[in-house]
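As they're listed, the protein sequences go chains A and B. Going by our numbering, the residue at position 12 of the first sequence is 20; the numbering climbs one at a time, nothing skipped. Going by our numbering, the residue at position 57 of the second sequence is 297; the numbering climbs one at a time, nothing skipped.
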Amino acid sequence: NAGVTQTPKFQVLKTGQSMTLQCAQDMNHEYMSWYRQDPGMGLRLIHYSVGAGITDQGEVPNGYNVSRSTTEDFPLRLLSAAPSQTSVYFCASRTEGTDTQYFGPGTRLTVL
Amino acid sequence: GNSVTQMEGPVTLSEEAFLTINCTYTATGYPSLFWYVQYPGEGLQLLLKATKADDKGSNKGFEATYRKETTSFHLEKGSVQVSDSAVYFCALNSGSARQLTFGSGTQLTVLP
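Structure, rendered in structure tokens:
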């Protein structure tokens, strides 16, 4: 199993550009989540999904969109990047009935 | 709402020293409590967890006890190693989707 994979590892955008951060898992997990990590603030939940076709907002959803068309994939879209979205983004997944989340290696995004 | 408060870092210790990282929480219901570790350049890994009051989680020499009366989940290790240098996050899960709420993280550096 590859576990949770994320691409790209690094990305630099200009203000106003759009992009999609990719996340995939091969463990057949129902639950997937996106977090952002900022210095001194831990990780904050952006969006999550409890299964294909079902998504919901987390603590900091503004400026981000998600969709879940398959169990494996959970892409995060930035529609119009802003410097405040400079962060490290982590995708995570878990299976129903367990508490343990598995994290991907992260994507470091810089918005100029 | 739910929140997790960790002792501020960074923490610097000599090898074989005793480690305590304090964590307190505020939550509704009956959350599970977690410690995650992030090694340099990597994603988060589950270190240990406890699912109910008075449970003790343990792994790799680290321990933490779920104390409901003091709403705490302090991380301890009797003798740290250089390889323990990392960022440690305390977290709880909550809500119908059992999503994680993280503390701000504590950077630990162990010197030889």
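Don't be surprised by glycine CBs; every beta carbon is placed ideally from N, CA and C.
Asked	Found
Under the three-state reduction of DSSP, which class applies to Q45/A: helix, strand or coil?	strand
In terms of residues, what are the limits of the beta strand (DSSP E) holding S75/A?	Unbroken run through S75/A: none, as it is neither H nor E.
Using the rule of at least 16 other Cβ atoms within 10 Å of the residue's Cβ for burial, across every protein chain shown, is A90/A buried or exposed?	exposed
With distances taken Cα to Cα, identify the nearest neighbour of Q45/A among G249/B, P250/B and F329/B.	F329/B
Hey, would you say Y306/B sits closer than 8 Å to L259/B, going by beta carbons?	no
One question on the structure: do V119/A and L21/A come within less than 8 Å of each other, judged by their Cβ atoms?	yes
So with CB distances below 8 Å, who are the chain A contacts of F329/B?	G50 and L51
Do V12/A and F33/A count as a contact pair if the criterion is CB distance below 8 Å?	A small fix is needed here, since residue 33/A is Gln in this sequence, not Phe. Yes, they are a contact pair.
What are the residues that DSSP puts in a beta bridge with H55/A?	W42/A and Q65/A
Please confirm whether M35/A and L86/A have their CB atoms less than 8 Å apart.	no
Could one say the Cβ of R307/B lies closer than 8 Å to chain A's Cβ atoms, at least one of them?	no
Among residues of its own chain, excluding the 5 on either side of T341/B, which ones have a beta-carbon nearer than 7 Å to its beta-carbon?	N242, S243, V244, A331, L332 and S334
Along the segment 95-109 of chain A, what residues have a CB closer than 7 Å to any CB found in chain E?	Structure shown: chain E not included; protein chains present are A and B.
If you drop the 5 nearest sequence neighbours on each side, which residues of the same chain put their C-beta closer than 6 Å to that of M40/A?	S57, F82 and S101
Restricting to Cα atoms, I'd like to know which of G283/B, R338/B, E309/B and Q285/B is closest to D295/B.	E309/B
Quick check on the DSSP output: the beta strand (DSSP E) that includes V12/A runs from which residue to which?	V12 to T15
Using beta carbons (cut-off 8 Å, strictly below), is S75/A in contact with chain B?	no
Secondary structure at Q93/A, three-state DSSP: helix, strand or coil?	helix
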